[in-house]
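To start, the structure itself, in structure tokens.
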Amino acid sequence: MWAFTADGRVSFVGPEATALRKDPRFPELVRLRMETGGVFDFVADGQNYRVGVLPVHAGAERSALVATMNTDTAHAELYELMITFALLAALSIMIVVALSSLIASRALSPLRQLRDTARMVTEGSLSDRIEVTGKDDLADLQRTFNAMLDRLESAMVAQKAMLDDAAHELRTPLTIIRGHIELLDAHDPEDVE
11 MWAFTADGRV SFVGPEATAL RKDPRFPELV RLRMETGGVF DFVADGQNYR VGVLPVHAGA
71 ERSALVATMN TDTAHAELYE LMITFALLAA LSIMIVVALS SLIASRALSP LRQLRDTARM
131 VTEGSLSDRI EVTGKDDLAD LQRTFNAMLD RLESAMVAQK AMLDDAAHEL RTPLTIIRGH
191 IELLDAHDPE DVE
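When the count follows the working numbering, it moves up by one through the sequence shown with no breaks and lands on 203 for the last residue.
In structure tokens form, the structure reads like this:
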């Protein structure tokens, strides 16, 4: 912060601004804007500054309150802050992805169990069942799947029993016929008839 008084004195309060103090063009540019005020950019000793001039009028006397900011330093601090935010954002995204993956894995575990059991059923085993966990929609699906396996298993047992009965019923007459054929004399026409 600078004060340019009507008597020509310049007062300064704030961090060191040696480049502006040594540059003779700085006070000249400020005095040109003491009537209207305004903001302008200024380069001193290779450093960029933004300068704001606020005129202060008291009768015929003209003074100005001037604020200066080293934009190079401000941009460097902003750049450092943006890098920090970017790193924190990347770290946060990795943590969120890891936690989401873990939660999704646990949430989908009953579905994987259902898939694995369904694969075992296609391999011929109907005795495997899914362990029902929870009281949600997935648990209802697990119970429904287990009930379906129970019905399939009982249907398969009934079908096997029916096939065994049919085989027995067919074997009995065939055994009788085979016995008669073995006793048959092939050279005796009456016996053959």
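The C-beta atom is built at its ideal place from N, Cα and C for all residues, glycine as well.
Suppose you measure from the CA of residue i to the CA of residue j; what does that come to, to the nearest Å?
i: Arg211; j: Asp126; result: The requested residue 211 does not occur in the structure, where the chain is confined to residues 11 to 203.
i: Ser21; j: Val66; result: 15 Å
i: Met104; j: Ser110; result: 10 Å
i: Ala54; j: Val106; result: 47 Å
i: Ile93; j: Met79; result: 22 Å
i: Met130; j: Arg181; result: 34 Å
i: Val49; j: Phe95; result: 30 Å
i: Leu193; j: Leu173; result: 30 Å
i: Pro183; j: Asp147; result: 55 Å
i: Gln123; j: Val142; result: 10 Å
i: His178; j: Glu200; result: 32 Å
i: Ala257; j: Arg139; result: For the chain, the structure presents residues 11 to 203; residue 257 sits outside this window and is missing.
i: Val23; j: Tyr89; result: 26 Å
i: Ala68; j: Leu91; result: 42 Å
i: Ala84; j: Leu118; result: 50 Å
i: Glu87; j: Pro25; result: 16 Å
i: Ile191; j: Ala168; result: 35 Å
i: Val202; j: Lys170; result: 38 Å
i: Ala176; j: Asp195; result: 31 Å
Based on Cα-Cα distance, which residue from the options lies nearest to residue i?
i: Val63; options: Phe95, Ala100, Met104, Ala13; result: Ala13
i: Ala16; options: Val40, Lys32, Arg31; result: Val40
i: Ser164; options: Ser137, Asp174, His197; result: Ser137
i: Arg31; options: Leu42, Met11, Glu90; result: Met11
i: Leu151; options: Ala176, Val167, Pro120, Met166; result: Pro120
i: Ala27; options: Arg72, Gly18, Thr46, Val76; result: Val76
i: Ala128; options: Phe155, Leu118, Ile113, Leu112; result: Phe155
i: Arg72; options: Ala114, Asp175, Arg139, Arg19; result: Arg19
i: Ala70; options: Asp198, Glu45, Thr83; result: Glu45
Determine, for residue i, whether the minimum Cβ-Cβ distance to residues of chain C falls below 9 Å.
i: Pro65; result: The question asks about chain C, but that chain is absent: this structure has only one protein chain.
Which one or two residues does DSSP pair with residue i in a beta bridge?
i: Arg60; result: Asp51, Met79
i: Arg72; result: His67
i: Ala13; result: Ser21, Leu75
Using a Cβ-Cβ cut-off of 8 Å (strictly less than) and excluding sequence neighbours within five positions of residue i, which residues of its own chain qualify?
i: Asp51; result: Asn58, Tyr59, Arg60, Val61, Thr81
i: Ala149; result: Pro120, Val142, Thr143
To which residues of the same chain is residue i closer than 6 Å at the C-beta, ignoring the five residues directly before and after it?
i: Ala29; result: Ala54, Asp55, Gln57
i: Arg153; result: Val142
i: Arg43; result: Val63
i: Gly47; result: Val63, Leu64, Pro65
Going along the chain, which residues of its own chain have a beta-carbon closer than 7 Å to the beta-carbon of residue i, five neighbours each way excluded?
i: His197; result: none
i: Met166; result: Leu136
Pairs of beta-carbons, one from the region 184-200 and one from the region 156-172, closer than 8 Å: are there three or more? no
So, does the region 28-36 touch the region 85-100, judging by three or more C-beta pairs under 8 Å? no
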